[in-house]
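Structure first, commentary second.
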Amino acid sequence: TKAAKAALDTISTNMLRMGGIIQAGFMINIILSGNFAFLNHLTIIPALACLDDACWPRALQLYAWGRTDFEDTKWYSARTMIHIAVLGLIGSLSWPVIDNLFQLSNRHQVMNASFDRFRLVNTYGAFGSVGKARYEPILSVSYDGIQWIELEFPCKPGSVTRRPCFCAPYHYRLDWNIWFIGFKPHKRMLHGREKWLFTLIAKLLENGKDISERPWLDLLDITSANMLTSNYVGDGRAGSGRNPKYAKVDMYHYEMAAPLWEILASYVKNNGEAVWWNRTYEEQLLAPVQLNSHIGGHINLGLANLPSIPPLPPH
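6 is the number of the first residue of the sequence shown in my numbering; add one for each residue after it.
Listed below in structure tokens is the structure:
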């Protein structure tokens with residue numbers, strides 16, 4: 006009957022709208038609570054297809070030139086059968102994806118994979134799991150091997166009193182890459198896929214005289230870049246062209262110093278100053294090094310271990 010068809014249309018339309026709203030709302034929540042750059046914005050776009058014209062303000066609705074009623078024609082039945090067939094096809098092809106997501110068959114979860122030869126229903130994943138703790142590698146340089154200066158990156162946590170940044174729609178590439186060293190085991194990550202850090206350290210210690218020879222300075226926070234450009238010595242005085250002689254990498258465990266609203270209240274009360282993080286020393290990833298030798302089997306523009314310089318105490 007017409008009443009039953011109208012009820013079915015209403016239910017399916019509302020379910021479709023609800024699905025689109027849930028998907029878009031979930032992405033907006035991630036955008037507001039974190040920063041996954043453009044991926045979340047792009048994921049909202051397909052969800053908008055679930056929202057028909059009636060969901061939008063009148064000014065945004067498409068102009069209706071006329072209405073064609075299919076309720077009493079054979080096309081309505083044919084369209085319904087097509088919808089049911091497509092629903093069944095997608096449902097059957099989705100089972101391996103659901104199985105993989107929840108690991109129902111006790112198999113190792115795979116990401117970015119297809120389960121049928123036509124690649125109609127696939128699985129996508131940026132991260133199979135999310136770490137429960139935040140570990141940050143801290144890169145430091147020294148002119149004398151005694152006093153160390155921590156280098157800041159544009160966004161990654163470093164100084165505990167530095168306000169977290171907001172970047173969109175793109176990530177800072179170096180901040181994003183160095184973040185992976187925080188995965189355990191840290192040293193395996195450093196000497197494996199993130200061994201590019203050795204090259205960066207070598208470039209820091211070389212610190213070419215001409216600014217055009219130092220494009221990597223743009224990857225650092227402006228304060229650290231200015232320090233290296235001005236060739237400061239350990240006590241902060243201008244160094245007359247001296248470059249940092251030593252570098253090291255320490256791993257720290259970071260936690261928010263307090264609930265966000267308490268930190269923001271302190272930030273406002275103290276004119277833009279607050280303690281955002283608490284951190285504890287975890288381990289030394291790279292002992293103090295200088296130019297001209299090996300590290301961990303890699304030849305990195307002449308980096309050398311410095312066993313004569315003892316590690317500094319945790320701070």
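Built from N, CA and C at the ideal position, the CB exists for glycine as well.
Bridge partners - residue i, DSSP secondary structure assignment
i, result
"D255", "I143, Q289"
"W282", "M261"
"I154", "V146"
"T128", "A118"
Buried versus exposed, by CB contacts within 10 Å (16 or more), residue i
i, result
"R198", "exposed"
"E155", "exposed"
"P293", "buried"
"S38", "exposed"
"G25", "buried"
"S82", "exposed"
"K253", "buried"
"C172", "exposed"
"L235", "Here the sequence assigns Ser to residue 235, which means Leu is not the residue at that position. With fewer than 16 Cβ atoms within 10 Å of its Cβ, S235 is classed as exposed."
"K161", "buried"
"L44", "exposed"
"Q295", "buried"
"I151", "exposed"
"D121", "exposed"
"N19", "exposed"
Integer-rounded CB distance, given that residue j should sit under 8 Å from residue i
i, j, result
"E260", "H191", "Not really, about 17 Å apart at Cβ, beyond 8 Å."
"E141", "Y257", "5 Å"
"N117", "G130", "6 Å"
"L179", "L224", "4 Å"
"L205", "L195", "In fact, because the Cβ distance is near 12 Å, the residues do not count as touching under 8 Å."
"K250", "S147", "7 Å"
"K200", "W221", "At roughly 16 Å, the Cβ-Cβ gap does not stay under 8 Å, so K200 and W221 are not in contact."
Meets three-Cβ-pair contact criterion under 8 Å: the stretch 166-183 and the stretch 276-283: yes
contact_flag[the stretch 97-116, the stretch 222-235] where n(CB pairs < 8 Å) is 3 or more: no
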